[in-house]
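The structure under discussion appears below in the form of structure tokens.
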Amino acid sequence: MAKIIINLKNFVLKTKFYGIDLIEKFFINILSFVCFRNLSWNDLLGVNRNRNGVYRKFQIKYRKFDPIWLREHRNFFKQDSRGFGEDAFHSYWFSLIENYKPSRLLEIGVYRGQTISLWALIGAKLNYEMEIVGISPLDNSGDEVSSYLDIDYERDILENFERFGLNKPTLIKGFSKVHSDVIRNGEWDLIYIDGSHDYLDVKIDLKIAYFGLKVGGILVLDDSSLYTSFKPMISNTFRGHPGPSRAFLEIEENKWKFILGVGHNNILQKI
Ligand SMILES: C[S@@+](CC[C@H](N)C(=O)[O-])C[C@H]1O[C@@H](n2cnc3c(N)ncnc32)[C@H](O)[C@@H]1O
0 MAKIIINLKN FVLKTKFYGI DLIEKFFINI LSFVCFRNLS WNDLLGVNRN RNGVYRKFQI
60 KYRKFDPIWL REHRNFFKQD SRGFGEDAFH SYWFSLIENY KPSRLLEIGV YRGQTISLWA
120 LIGAKLNYEM EIVGISPLDN SGDEVSSYLD IDYERDILEN FERFGLNKPT LIKGFSKVHS
180 DVIRNGEWDL IYIDGSHDYL DVKIDLKIAY FGLKVGGILV LDDSSLYTSF KPMISNTFRG
240 HPGPSRAFLE IEENKWKFIL GVGHNNILQK I
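Numbering (numbering that gives the first Met the number 0), first residue to last: 0 to 270.
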């Protein structure tokens with residue numbers, strides 16, 4: 000009897016989840032249908048800093064205005080647990096890179112290479128040179144809130160790059176705190192922090208990233224919108240983890256300018 004009740008409960012929860020997902024897809028499709036103007040990066044900065052509005056604009060841009068190769072890349076990583084994140088993130092990365100043209104890019108926490116291969120693909124399509132470095136344990140090391148597959152990460156990442164015909168990235172194996180010199184001395188134009196989600200690790204990554212970025216350089220902090228106004232109207236869209244969200248709350252305003260929040264990603268600029 001208990002088993003039947005548990006199965007019934009799981010069925011209702013699953014149906015509710017898929018139901019909400021379907022309603023959201025329908026809603027965004029309608030919005031995309033009636034939206035005829037692709038907003039520029041500067042237009043998006045002006046959407047009143049309304050986080051829900053900004054997120055919706057990128058969902059629409061992804062569906063209606065972004066190039067097909069961007070969606071093909073995302074679709075590939077959506078399959079078989081190859082990547083995390085959301086469609087709207089592919090769209091904002093495209094706008095961000097198109098707008099700032101970062102040359103030296105660092106990702107902390109690579110997993111299977113979705114984001115670094117996206118950067119490389121955007122660089123190739125925009126026809127400019129990028130140097131891309133990823134620091135990651137390249138094994139299944141997790142943290143308080145995450146656990147990962149046990150696979151050969153290095154081989155997998157390189158195969159994923161090859162699949163899209165991209166130049167190999169530089170992969171540095173290990174935890175970010177072991178490679179703090181690489182972060183600190185990199186003169187980076189862009190750093191994306193998406194490694195450990197434990198509060199103290201994120202604080203250290205942020206501190207070192209500040210030194211490693213050029214003035215005017217861009218920092219993206221993943222999983223950090225739990226304590227912000229981001230609350231998408233319908234969906235269960237992920238708002239972040241406690242560690243990075245707390246670190247984002249504590250950002251020093253004399254060091255960082257807030258540029259934009261897209262879902263659980265927050266984009267900052269070094270002052
Ligand atoms: C959420 S996944 C990253 C997803 C990736 N950014 C993407 O866009 O596909 C987090 C990754 O960080 C790695 N990681 C965990 N602790 C780390 C640390 N202290 N330094 C660097 N990477 C870490 C994990 O092994 C995992 O590969």
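Note that the Cβ used here is the ideal one computed from N, Cα and C, for glycine as well. For clarity, every value in this text was computed on a predicted model and none was experimentally measured.
Three-state class that DSSP yields for Phe247 in the structure shown: helix
Val109 beta carbon near ligand 1 (any heavy atom closer than 7 Å): yes
Helix, strand or coil at Tyr191 according to DSSP, with G and I counted as helix: The answer is strand: DSSP assigns Tyr191 an E or B state.
Beta-carbon gap between Val219 and Ile266 smaller than 8 Å: yes
Length of the line joining the Cα atoms of Ser172 and Leu120: Note that residue 172 is Lys in the sequence shown here, rather than Ser. Distance between the alpha carbons of Lys172 and Leu120: 22 Å.
Same chain, Cβ closer than 8 Å to Ala246, neighbours up to 5 away in sequence not counted: Tyr198, Val201, Lys202, Leu205, Leu220 and Ser223
Beta-ladder partner(s) of Glu106, from DSSP: Gly133 and Tyr191
For Asn265: DSSP bridge partner residues: Leu220 and Gly260
heavy atom of ligand 1 below 7 Å from Tyr61 C-beta: no
Limits of the beta strand (DSSP E) - the one that Ile171 falls within: Thr169 to Lys172
Helix, strand or coil at Gly141 according to DSSP, with G and I counted as helix: coil
Closer than 8 Å to chain B by CB, Ile131: No chain B is present in this structure, which holds just one protein chain.
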